Amino acid sequence: MDYFAQQLINGLVLGSIYGLIAIGYTMVYGIVGMINFAHGDVFMIGGFIALITFLLLISTGLTAIPVILLIVLLVSMAITALYGWTIERIAYRPLRHSFRLAPMLSAIGMSFVLTNYSQVAQGARVKPIPPVITGGYTLHESADGFVIQLSNIQIIVVVTTIVLLAIFTWLVSRTRLGRDMRACEQDQTMAALLGVDVDRTISMTFVIGAALAAVAGLMYLLYYGLVDFFMGFVAGIKAFTAAVLGGIGSLPGAMLGGLAIGLIETFWSAYFSVEYKDVAAFSILIVVLIFMPTGLLGRPEVEKV
Amino acid sequence: MTVISPKTASASRSAGIPALLKTAFVNALIALVLFSLMVGIRTEAGSDGQLTYWTRFGDVAALVAAVFGGSIVIELLRQWIGPAGTEKLIPPAVQTGMSFIGRYLAPALLIFTLLVPVIFYDQRYILDLAILVLTYVMLGWGLNVVVGLAGLLDLGYVAFYAVGAYSYALLATNFGWSFWVCLPLAGILAAFWGVLLGFPVLRLRGDYLAIVTLAFGEIIRLVIINWQELTGGPNGVSSIPRPSFFGIPLDNSDSGLAARLGIEYSPTHRIVFLFYLILALALLTNWVTIRLRRLPIGRAWEALREDEVACRALGINTTTTKLTAFATGAMFGGFAGAFFATRQGFISPESFTFQESALVLAIVVLGGMGSQLGVALAALAMIGGFELFRSLETYRMLVFGMAMVLIMIWRPRGLIGHRAPTVYLTKAQAISSDLVKEGHG
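Residue numbers (full-length UniProt numbering), protein chains in the order written: chain X, 1 to 305; chain W, 1 to 441.
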């Protein structure tokens with residue numbers, strides 16, 4: 001039971017990170033109707049920028065960890081968002097009205113560019129950082145000595161996720177930008193006729209998605225203490241699985257799907273085999289699409305002729 | 001649903017020098033922010049696990065300058081040439097000339113390919129490269145059935161290649177079966193996996209299908225890595241038997257082919273044999289594809305590619321249509337895999353990564369989906385081009401990714417050519433598939 005509770009905590013933390021990446025997929029899919037294949041690599045870039053900023057701040061002699069983390073968060077969000085914006089401008093905007101395989105292939109190309117760009121720029125080796133946030137709470141100690149731990153970093157990951165999710169849900173449901181986004185999702189032509197700047201709205205979608213991926217990158221760095229140039233690929237597919245599981249196009253769905261994938265992966269590793277955890281996650285994608293093509297919170301899709 | 005943005009249409013037309021400089025300046029500024037940390041600061045983990053860093057501001061400055069200069073050049077080119085189009089890029093006269101050549105290009109290329117071992121008999125490197133190119137031609141033609149003809153985006157094609165390779169390797173090393181028995185088995189097993197993959201994805205739309213096939217490819221790779229008892233895990237399978245000339249080994253011994261023919265033995269014999277073997281397999285793929293295209297099933301594939309909803313309305317069974325496309329494509333992937341295993345003599349999961357799938361897909365797309373000659377030329381260009389970058393190993397995939405993006409922007413329907421559906425009720429030009437709105441099939 002205690003072991004189960006500990007795995008539940010670990011799974012929820014991992015799920016939060018997946019959920020943050022999944023939001024980027026779900027928003028872009030909702031508006032443009034394409035899978036932003038390079039989104040996993042945007043997450044990886046976010047992790048790298050967080051690492052480098054962190055390293056620079058430490059070397060200036062700054063010691064206040066909360067201040068450092070806040071600056072790292074803002075810098076990595078800003079620069080990664082610019083990456084998202086640039087990717088959309090270069091690789092996707094020219095193809096918006098092209099035939100449907102074109103943006104997909106261009107996104108795959110972009111994914112290769114980003115992976116190999118960071119390999120060339122930062123080298124192929126894993127980059128570790130020393131533990132930044134240590135300590136935690138012991139929730140429960142059983143008779144045989146098994147301890148349920150809730151570390152501070154786990155609390156930070158979950159709280160950050162909840163706060164950001166609240167901010168972005170508010171952004172999408174209450175602000176002018178959010179209204180424009182939902183209008184574009186419904187019908188881009190009509191939205192354009194009614195004075196919505198479609199290009200700008202789509203750019204903003206990519207910017208927000210990339211910023212959230214950067215947060216996920218930072219959380220990943222703090223939680224696992226390392227980044228490497230190849231981590232975007234698998235994390236990307238899992239986050240996409242989360243988005244599909246939750247019902248693509250739905251923000252709460254992406255978060256829910258992320259948590260589900262995180263839990264499934266953690267429990268699979270804990271009770272079955274660590275080696276096959278990715279197989280389990282990918283198999284879920286296939287199973288979900290067979291039985292629930294619209295996901296947990298998705299709307300049934302109308303076939304347009 | 002075509003939304004023409006007036007802003008982008010007019011902005012690129014009449015921009016003066018100040019506007020030009022402003023655009024270039026803004027682009028340079030963006031590049032500065034993008035590259036500042038990723039390129040400017042190089043991190044490296046020391047032996048004690050401590051991260052160190054050093055700065056490379058010179059590289060950042062060079063990149064930013066390149067972006068500044070590049071955006072001026074691109075902007076000027078855009079103003080002088082206008083939007084890129086085939087008519088402007090290649091004059092009509094040249095185009096007619098090219099299509100005239102095109103008619104004789106395929107037979108000429110085939111004759112040249114048949115003569116390659118004769119011409120380059122002494123150059124082992126060229127023969128090896130030719131075998132590699134032909135392997136990719138075969139893979140491209142195999143995937144072309146799925147992507148080019150049926151319009152189903154398959155990102156996990158390498159899984160079938162892996163199934164074929166491992167089928168042959170395991171059957172040959174464990175049971176000692178000959179290549180000629182294993183080859184059809186490898187194809188059948190791969191086709192079986194194709195059907196297995198086909199079932200769950202039948203109801204999916206284009207993009208979902210792509211991601212599921214990708215996941216499937218990864219599952220196969222992960223299983224191969226982790227199922228150590230069967231596949232040898234990351235160590236792979238080694239000492240896979242070489243193919244025999246229909247039972248006669250191609251070696252130095254007294255019962256070898258050279259001894260039986262009474263000629264002096266040379267290791268090149270086996271290379272030449274492998275060359276003709278893969279050529280035969282590739283031509284078989286091509287021949288079957290061309291034959292199938294004229295049969296009802298091939299026409300159903302093409303109809304599916306053009307519009308799935310209309311397809312279903314006309315009573316075409318989309319389930320069997322998709323399954324047969326998957327199975328046929330997978331079977332050829334399996335053949336190619338078996339050949340790969342026998343050529344290498346050693347296989348490991350590293351040969352079957354997503355990159356490989358993307359490379360084959362890029363060949364199909366670059367060649368123009370559905371065009372047989374285009375795929376062959378694209379394989380030649382991509383694999384040959386890859387060879388040119390051999391010395392710049394780290395930059396190869398970077399350049400490959402950039403090329404993929406640029407090709408999609410420039411010619412989304414493929415560089416070399418694209419095949420319109422085989423049958424039309426009216427003239428072919430009347431409804432080229434370029435003009436038909438994509439159904440979300």
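Even for Gly, the Cβ is constructed at its ideal location relative to N, Cα and C. Source: prediction; values computed, not measured.
*Name the chain W residues whose beta carbon is nearer than 8 Å to that of residue 34 of chain X?*
As a working mapping, residue 34 of chain X is identified with position 34 in the first sequence. Residues of chain W passing the Cβ test: 207.
_For the pair the region 165 to 174 of chain W and the region 303 to 319 of chain W, tell me if three or more CB-CB distances fall below 8 Å._
no
*Pick helix, strand or coil for residue 151 of chain X, following the three-state DSSP scheme.*
Working through the first sequence from its first residue, we reach residue 151 of chain X at position 151. Residue 151 of chain X: strand per DSSP, three-state reduction.
*Establish whether the CB of residue 218 of chain X and some CB of chain W are separated by less than 8 Å.*
For this step, residue 218 of chain X is matched to residue 218 along the first sequence. No, because no Cβ of chain W sits closer than 8 Å to the Cβ of residue 218 of chain X.
*Taking Cβ-Cβ distances shorter than 9 Å, what residues in chain X pair up with residue 401 of chain W?*
Taking the second sequence and counting its residues from 1, the one referred to as residue 401 of chain W is at position 401. Going along chain X in sequence order, the residues near residue 401 of chain W (Cβ under 9 Å) are 108, 109, 110, 111, 112, 113, 114, 115, 116, 117.
_For residue 293 of chain X, three-class secondary structure by DSSP_ = Residue 293 of chain X sits at position 293 when you count from the first residue of the first sequence. Three-state result, residue 293 of chain X: coil.
*asked:* On the criterion of 16 or more Cβ atoms from any shown chain inside 10 Å, does residue 27 of chain W qualify as buried, or is it exposed?
replied: Reading the second sequence from its first residue, position 27 is the one you call residue 27 of chain W. Buried, by the Cβ-count rule.
*Tell me the DSSP bridge mates of residue 45 of chain W?*
Indexing the second sequence from 1 puts residue 45 of chain W at position 45. Residue 45 of chain W is bridged to W/51.
*On the premise that residue 215 of chain X lies in contact with residue 160 of chain X, defined as a C-beta separation below 8 Å, what is that separation, rounded to the nearest angstrom?*
As a first step, residue 160 of chain X is located in the first sequence; it is residue number 160 there, counting from the start. As a first step, residue 215 of chain X is located in the first sequence; it is residue number 215 there, counting from the start. That pair is a contact at about 7 Å.
*Would you identify the three-state DSSP class for residue 275 of chain X, choosing helix, strand or coil?*
Start at 1 with the first residue of the first sequence, and residue 275 of chain X comes out as number 275. Here DSSP, grouped into helix, strand and coil, assigns residue 275 of chain X to coil.
*By Cβ distance, which residues of its chain are closer than 8 Å to residue 133 of chain W, with the 5 residues on each side in sequence left out?*
For this step, residue 133 of chain W is matched to residue 133 along the second sequence. Cβ within range, chain order: 379, 380, 383, 384.
*Name the residues in the region 116 to 135 of chain X whose C-beta lies less than 9 Å from a C-beta of chain W; which are they?*
Only 116, 117, 118, 119, 120, 121, 122, 123, 124, 125, 126, 127, 128, 129, 130 from the region 116 to 135 of chain X bring a Cβ to less than 9 Å from some Cβ of chain W.
_Given 8 Å, three or more beta-carbon pairs between the region 11 to 23 of chain X and the region 208 to 222 of chain X_ = yes
*Name the DSSP bridge partner or partners of residue 140 of chain X?*
Looking up residue 140 of chain X in the first sequence gives position 140. Under the DSSP definition of a beta bridge, residue 140 of chain X partners with X/148.
*Any residues in the region 274 to 292 of chain X with a beta carbon nearer than 7 Å to a beta carbon of chain W? Which ones, in chain order?*
275, 276, 278, 279, 282, 283, 285, 286, 289, 290
*What residue from W/405, W/410, W/412 has the CA that sits closest to residue 88 of chain X's CA?*
Translated into the one-based positions of the first sequence, residue 88 of chain X becomes position 88. Considering only alpha carbons, the answer is W/405.
*Does the region 134 to 152 of chain X come close enough to the region 52 to 68 of chain W that 3 or more CB-CB pairs lie under 8 Å?*
They do not touch, by the three-pair rule.
*Using alpha carbons as the reference points, say which of X/49, X/76, X/72, X/110 lies closest to residue 36 of chain X.*
Looking up residue 36 of chain X in the first sequence gives position 36. Residue X/110 is the option with its Cα nearest to residue 36 of chain X.
*Between X/252, X/105, X/149, X/142, which lies nearest to residue 166 of chain X when the distance is taken from Cα to Cα?*
Counting from one through the first sequence, the residue named residue 166 of chain X turns up at place 166. For the residues X/252, X/105, X/149, X/142, the minimum Cα distance to residue 166 of chain X belongs to X/252.
_Tell me which residue opens and which closes the alpha helix (DSSP H) that residue 124 of chain W is part of._
Your numbering for residue 124 of chain W matches position 124 in the second sequence. Where residue 124 of chain W is concerned, the enclosing alpha helix (DSSP H) stretches over 124 to 144.
*Measure from the alpha carbon of residue 242 of chain W to the alpha carbon of each residue in W/68, W/42, W/344, then state which is nearest.*
On the second sequence, residue 242 of chain W is found 242 positions in, with the first residue counted as 1. Nearest option by C-alpha distance: W/344.
*How about residue 329 of chain W and residue 146 of chain W: do their beta carbons lie closer than 8 Å?*
Sequence index remark: in the second sequence, residue 329 of chain W carries index 329 (1-based). Sequence index remark: in the second sequence, residue 146 of chain W carries index 146 (1-based). Cβ distance < 8 Å, so residue 329 of chain W and residue 146 of chain W count as in contact.
*Do the CB positions of residue 446 of chain W and residue 281 of chain W come within less than 8 Å of each other?*
Here chain W covers residues 1 to 441 and nothing more, so residue 446 of chain W does not appear.
_Quick check for students: name the residue ranges of the alpha helix (DSSP H) that lie wholly in the region 152 to 191 of chain W, counting only runs of 4 or more._
158 to 175
*What are the start and end residues of the alpha helix (DSSP H) that includes residue 205 of chain X?*
Translated into positions along the first sequence, residue 205 of chain X becomes position 205. From DSSP, the alpha helix (DSSP H) with residue 205 of chain X extends over 198 to 224.
*What are the start and end residues of the alpha helix (DSSP H) that includes residue 74 of chain X?*
Taking the first sequence and counting its residues from 1, the one referred to as residue 74 of chain X is at position 74. Here the alpha helix (DSSP H) through residue 74 of chain X covers 65 to 87.
*asked:* Going by DSSP in three states, residue 131 of chain X sits in which element: helix, strand or coil?
replied: As a working note, residue 131 of chain X is residue 131 in the first sequence. Here residue 131 of chain X sits in coil by DSSP.
*Taking only beta-carbon positions, decide if residue 408 of chain W is within less than 8 Å of chain X.*
Numbered from 1 along the second sequence, position 408 holds the residue referred to as residue 408 of chain W. Output row for residue 408 of chain W: interface = yes.
*Which chain X residues are close to residue 219 of chain W, counting only those with a beta carbon under 9 Å from its beta carbon?*
Within the second sequence, the letter at position 219 stands for residue 219 of chain W. Per Cβ cutoff of 9 Å: 278, 279, 282, 283, 286.
*Would residue 4 of chain X count as contacting chain W if we go by Cβ distances under 8 Å?*
Residue 4 of chain X sits at position 4 when you count from the first residue of the first sequence. False, the Cβ-Cβ gap to chain W never drops below 8 Å.
*Name the chain X residues that come within less than 7 Å of residue 30 of chain W, Cβ to Cβ?*
For the purposes of this step, residue 30 of chain W is taken as residue 30 along the second sequence, with counting starting at 1. Simply 82, 86.
*Within 7 Å of chain X by C-beta, residues of the region 37 to 68 of chain W in sequence order*: 37, 38, 39, 41, 42, 43, 44, 45, 49, 51, 53
*Is residue 213 of chain W near the ligand NAD, with its Cβ less than 7 Å from a heavy atom?*
No copy of the ligand NAD appears in this structure; indeed no ligand is present at all.
*Under the rule that 16 or more other beta-carbon atoms within 10 Å means buried, what is residue 305 of chain X, buried or exposed?*
Stepping through the first sequence from its first residue, residue 305 of chain X is reached at position 305. Since pLDDT at residue 305 of chain X reaches only 42, below the 50 mark, its modelled position is unreliable, and the value read off the structure follows with that caveat. Per the 10 Å Cβ criterion, exposed.
_Buried versus exposed, by CB contacts within 10 Å (16 or more), residue 22 of chain W_ = Here residue 22 of chain W refers to the residue found at position 22 when the second sequence is read from its first residue. Residue 22 of chain W should be labelled exposed.
*Are the region 332 to 346 of chain W and the region 214 to 226 of chain W in contact at 8 Å, needing three or more beta carbon pairs?*
no
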